[in-house]
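S.K.: Have a look at the structure that comes next, please.
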Amino acid sequence: MLLLSIALMYACSKSEDEVTPEEEKIAFSVPSNFPAPAYNFEDNKLSNAGFALGKKLFYDARLSADKSVSCGSCHQQFAAFTQLDHKVSHGVNNCQGKRNTPPLFNLAWQKAFFWDGGVKNIETSPLNAITDACEMGTDIQTIVALLKNTAPYPDLFKQAFGSTEINSQLILKSIAQFTAVLVSGNSKYDQVIRKEAGASFTASELAGYNLFKEKCTSCHAEPFFTDFSYRSNGLDLMSADEGRSHITGLASDFGKFRVPTLRNIEYTSPYMHDGRFYSLDEVLEHYNSGVNASTNLDTQLKNGIPLSTTEKEQIKAFLKTLTDNEFIKNKLFAES
Amino acid sequence: MKLSPYFLALLCPIILLSSCKKDSNEVTADAKSTFSIEFENQVNGSPLVLNTTTYQNAKGEDFKINVFKYYVSNIKLSKADGTTYLIPESYFLIDASKAESTNITLKDVPVGDYTKIEYTIGVDYARNFAGAQTGALDPINGMFWTWNSGYIFVKLEGTSPQSPATGNTLTFHIGGVTDPNNTIKTFATEINAANPLRVRTDGKPNMHFIVNAAALFTGKTDISFSTLYFTMGGANSVIVANNYANGLFRLDHIHN
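Shown next as structure tokens:
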């Protein structure tokens, strides 16, 4: 009897080893303090195999022109999927791009992508990085041909979509199954807002939150800490980068960029569209004393945002409550 | 088994409805068939020959064409009684370098006599911003802007001695769907009622359109390649789209 029990236990544990983590059902979960997402997988049924394929493509440097750069090269998980210590993205052939890599999370709530909002759908977003001469420097046709001839990709497409057929649509849909599942909504801030047991701000964090609501939320709106609008925050009198007007052709959009999210900001240095600031102190000092009267400066910034030393420390304390370590360390999203 | 009277009450209209439907449907009413459209690419009446032949624009400037591609989508047919049929998922990319692309087949079209055809030159607003597409709309076809979502509706590339660009190149990538630079154009043409498009189960008619590539450069604004030789969306693309809106396509004849 004892032997039988041990045998049973052994069998149990063995089969469990085989099924985890592969069988952990990949889910897209909406935090209760978030609104309904813009992307809901309606035309792209989320599956474990689709997610796994998307993740493999995301981390595969062979997709780039010189096989040196993957999506994950510039979107590093430990930096909330931006690139640590790089002012601008560093692409194939050591080419330096012109803008700071945006972090990747909560993309399912975003309706426009990149600093200038040029791309309008999460599924087509990778095409921009794939084709940019200073990012992956290739084209989707080359990638389709490569994957068709590279094991185990045909099998992985079969597992994900039921056929060994590989085309650009399936490549992009599988990548979206990975990127849209990247949800960061379990920071200390989220836990406090959701009134979870044991979650509370320190006095300094709370003071920072109140200051933040007074001085920052008109652009960095909760719960995403961006209102997804395009604005000029007066970095320069004359912006070296045309920004949003490159997309709209409107002079009134010159030098404007999408308001970035502040979630996980502790890990997404350097800051601004050109990565000019390495610390939050520099960022806050810009708003305190460095705002230039640029042509399209946001009217709310015409007098800057005066902040005392104490206020800056309090705001910084609050901003660090936006760090979501569960997301940063989630093994599901790591290169496997 | 005792059937609830409510259940029976629910059932009755369903039976009635289904019997109605059956009675009114004649066999031919549902019949569908196929027709085709041939797009014959020309330049001012001469056949379009890529790379080698020299043509002239309305300003008398010489030019050659290396690439000529355009989308035809959302094809809609009308009958004399005003009823219309929008062919679902009708997206076609015509590429002058691919002979097979210039003859398109439309399947599952209800039989009938059609006296008008209209279609979008380009791609409708929604698909410009939609998720990953396949078929004619696959970005692999080189007609999708990756940095500013949207399709190139009409692409003409070539050379002209008048072009000040490096290599005297001409680059006309026409697209964009947002005001003030919206370039979506709808082309419509009446079909002679004496010889309508007769879609029949026992016949597969062919419509023959002449496509004049030089229409990009005249119509509303005569374009000189010395000043306009490069456009990828924006105000100059609108000038080109306004030119070709009416002059790009002409229904030549129908083989019924």
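If you read the protein sequences in the order shown, they are chains A and B.
Take 1 as the starting number for the first sequence in the UniProt record's numbering and just add one per residue.
Take 1 as the starting number for the second sequence in the UniProt record's numbering and just add one per residue.
The beta-carbon is built from N, C-alpha and C at its ideal position, and this holds for glycine as well.
1. In its own chain, which residues sit with a C-beta less than 7 Å from the C-beta of residue 198 of chain B, not counting the 5 before and 5 after it?
2. Only counting the same chain, and skipping five residues up and downstream in sequence, which positions put a Cβ closer than 8 Å to that of residue 31 of chain B?
3. Going along the region 34 to 54 of chain A in order, which residues come within less than 8 Å of chain B, judged by CB to CB distance?
4. Which first and last residues belong to the alpha helix (DSSP H) in which residue 144 of chain A is found?
5. Using a C-beta to C-beta distance shorter than 7 Å, which residues of chain B count as neighbours of residue 172 of chain A?
6. Who pairs with residue 113 of chain B in a beta bridge, going by DSSP?
7. Taking the straight line between their C-alpha atoms, what separation do you get for residue 75 of chain B and residue 248 of chain A?
8. Would you call residue 238 of chain A buried or exposed, if buried means 16 or more other Cβ atoms sit within 10 Å of its Cβ?
9. Taking the beta strand (DSSP E) that residue 42 of chain B belongs to, which residues open and close that run?
10. What number of angstroms, rounded off, separates the C-alpha of residue 115 of chain B from the C-alpha of residue 35 of chain B?
11. Exposed or buried, which one is residue 308 of chain A when buried takes at least 16 other CB atoms within 10 Å?
12. CB residue 171 of chain B to CB residue 230 of chain B, shorter than 8 Å?
13. Classify residue 256 of chain B as helix, strand or coil using the three-state DSSP reduction.
14. State yes or no: is the beta carbon of residue 127 of chain A nearer than 8 Å to at least one beta carbon in chain B?
15. Applying a beta-carbon distance threshold of less than 7 Å, which residues of chain B neighbour residue 144 of chain A?
16. Consult DSSP for residue 49 of chain B and reduce its assignment to one of helix, strand or coil.
17. For the region 141 to 154 of chain B and the region 121 to 128 of chain A, state whether three or more C-beta atom pairs, one from each stretch, are separated by less than 8 Å.
18. If you draw a straight line from the C-alpha of residue 157 of chain A to the C-alpha of residue 172 of chain A, how long is it?
19. Distance check for residue 87 of chain A and residue 321 of chain B, CA to CA, integer angstroms please.
20. Is it true that the CB of residue 55 of chain A sits closer than 8 Å to the CB of residue 61 of chain A?
21. Say whether chain B places a C-beta atom closer than 8 Å to the C-beta of residue 249 of chain A.
22. For the region 154 to 170 of chain A, which residues have a beta carbon sitting closer than 7 Å to at least one beta carbon of chain B?
23. State the DSSP-derived secondary structure class of residue 240 of chain B, mapped to helix, strand or coil.
24. Which same chain residues, not among the five before or five after residue 81 of chain A, have their C-beta less than 7 Å away from its C-beta?
25. Does residue 106 of chain A get closer than 8 Å to chain B when you measure Cβ to Cβ?
26. For residue 123 of chain A, which residues in chain B fall below 7 Å Cβ to Cβ?
27. Going by DSSP, which residues form a beta bridge with residue 72 of chain B?
28. Work out the CA separation of residue 227 of chain B and residue 240 of chain B for me, nearest whole Å.
29. If we count the other Cβ atoms within 10 Å of its Cβ and call it buried at 16 or more, is residue 46 of chain B buried or exposed?
30. Using 8 Å as the threshold, is the region 302 to 320 of chain A in touch with the region 41 to 56 of chain A, meaning 3 or more CB pairs across them?
31. Considering only residues of the same chain and omitting the five flanking positions on each side of residue 208 of chain B, which have a CB-CB separation below 6 Å?
32. Residue 230 of chain A bridges to which residues according to DSSP?
33. Find the residues of chain A that neighbour residue 90 of chain B, judging by a C-beta separation of less than 7 Å, and give them in chain order.
34. Does any C-beta atom of chain A lie closer than 8 Å to the C-beta of residue 175 of chain B?
35. Only counting the same chain, and skipping five residues up and downstream in sequence, which positions put a Cβ closer than 8 Å to that of residue 52 of chain B?
36. Where residue 223 of chain A and residue 28 of chain A are concerned, what is the direct C-alpha to C-alpha distance, given to the nearest angstrom?
M.R.: Reading it off the structure:
1. Taking the second sequence and counting its residues from 1, the one referred to as residue 198 of chain B is at position 198. Cβ neighbours of residue 198 of chain B beyond the five flanking positions: 113, 205 and 256.
2. Within the second sequence, residue 31 of chain B is the residue found at index 31, counting from 1. Excluding residues up to 5 positions away in sequence, 110, 111 and 201 lie with their Cβ nearer than 8 Å to the Cβ of residue 31 of chain B in the same chain.
3. 43 and 44
4. Position 144 of the first sequence, counted from the first residue, corresponds to residue 144 of chain A. Element bounds for residue 144 of chain A: 140 to 148.
5. Along the first sequence, one-based indexing puts residue 172 of chain A at 172. The answer, in chain order, is 132.
6. Residue mapping note: residue 113 of chain B aligns to position 113 of the second sequence, counting from 1. DSSP lists B:198 as partners of residue 113 of chain B.
7. As a working note, residue 75 of chain B is residue 75 in the second sequence. As a working note, residue 248 of chain A is residue 248 in the first sequence. Cα to Cα, the separation comes out at about 29 Å.
8. Taking the first sequence and counting its residues from 1, one reaches residue 238 of chain A at position 238. The residue in question, residue 238 of chain A, is exposed, as its Cβ has fewer than 16 Cβ neighbours within 10 Å.
9. The count along the second sequence starts at 1 and reaches residue 42 of chain B at position 42. 32 to 43 is the extent of the beta strand (DSSP E) around residue 42 of chain B.
10. As a working note, residue 115 of chain B is residue 115 in the second sequence. As a working note, residue 35 of chain B is residue 35 in the second sequence. In a straight line, the C-alpha of residue 115 of chain B is about 14 Å away from that of residue 35 of chain B.
11. Along the first sequence, one-based indexing puts residue 308 of chain A at 308. That one is exposed.
12. The count along the second sequence starts at 1 and reaches residue 171 of chain B at position 171. The count along the second sequence starts at 1 and reaches residue 230 of chain B at position 230. A contact, by the Cβ cut-off of 8 Å.
13. Taking the second sequence and counting its residues from 1, one reaches residue 256 of chain B at position 256. Reduced to three states, the DSSP call for residue 256 of chain B is coil.
14. Taking the first residue of the first sequence as 1, we reach residue 127 of chain A at position 127. Put simply, the CB of residue 127 of chain A is near chain B, with a gap under 8 Å to one of its CB atoms.
15. The count along the first sequence starts at 1 and reaches residue 144 of chain A at position 144. Those are 140, listed as they occur along chain B.
16. Counting from one through the second sequence, the residue named residue 49 of chain B turns up at place 49. The answer is coil: DSSP assigns residue 49 of chain B none of H, G, I, E or B.
17. With contact defined as three or more Cβ pairs closer than 8 Å, the region 141 to 154 of chain B and the region 121 to 128 of chain A are in contact.
18. Against the first sequence, residue 157 of chain A aligns to sequence position 157. Against the first sequence, residue 172 of chain A aligns to sequence position 172. Going by the C-alpha atoms only, they are around 12 Å apart.
19. Residue 321 of chain B lies beyond the range of chain B shown here (1 to 256); nothing can be said about it.
20. Within the first sequence, numbered from 1, the residue matching residue 61 of chain A stands at position 61. Within the first sequence, numbered from 1, the residue matching residue 55 of chain A stands at position 55. Result no, Cβ atoms of residue 61 of chain A and residue 55 of chain A do not sit closer than 8 Å.
21. Within the first sequence, the letter at position 249 stands for residue 249 of chain A. Yes, residue 249 of chain A counts as interfacial toward chain B.
22. Taking 7 Å as the Cβ-Cβ cut-off against chain B, the residues of the region 154 to 170 of chain A that qualify are 167, 168 and 169.
23. Counting from one through the second sequence, the residue named residue 240 of chain B turns up at place 240. If DSSP states are grouped into helix, strand and coil, residue 240 of chain B belongs with the helices.
24. Here the question's residue 81 of chain A lines up with position 81 in the first sequence. The answer, listed in chain order, is 75, 103, 104, 105 and 182.
25. One-based indexing of the first sequence puts residue 106 of chain A at position 106. The Cβ of residue 106 of chain A sits no closer than 8 Å to any Cβ of chain B.
26. Position 123 of the first sequence holds residue 123 of chain A. Chain B residues near residue 123 of chain A: 131 and 132.
27. Against the second sequence, residue 72 of chain B aligns to sequence position 72. Answer is B:92 and B:121.
28. What you label residue 240 of chain B is simply residue 240 of the second sequence in a count that begins at 1. What you label residue 227 of chain B is simply residue 227 of the second sequence in a count that begins at 1. Each residue's Cα considered, the two are about 13 Å apart.
29. The residue you call residue 46 of chain B lines up with position 46 of the second sequence. If you draw a 10 Å sphere on the C-beta of residue 46 of chain B, you find fewer than 16 other C-beta atoms in it, and that means exposed.
30. no
31. Indexing the second sequence from 1 puts residue 208 of chain B at position 208. Closer than 6 Å at Cβ, skipping near neighbours: 38, 252 and 253.
32. Stepping through the first sequence from its first residue, residue 230 of chain A is reached at position 230. Residue 230 of chain A pairs with A:258.
33. On the second sequence, residue 90 of chain B is found 90 positions in, with the first residue counted as 1. Ordered by position in chain A, no residue passes the 7 Å Cβ test against residue 90 of chain B, which lies about 18 Å from the chain.
34. Taking the second sequence and counting its residues from 1, one reaches residue 175 of chain B at position 175. It does not: the Cβ of residue 175 of chain B has no partner Cβ on chain A nearer than 8 Å.
35. Along the second sequence, read from residue 1 onward, the residue named residue 52 of chain B stands at position 52. Hits under 8 Å: 64.
36. Walking along the first sequence from the start, residue 223 of chain A turns up at place 223. Walking along the first sequence from the start, residue 28 of chain A turns up at place 28. Rounded to the nearest angstrom, the two C-alpha atoms are 18 Å apart.
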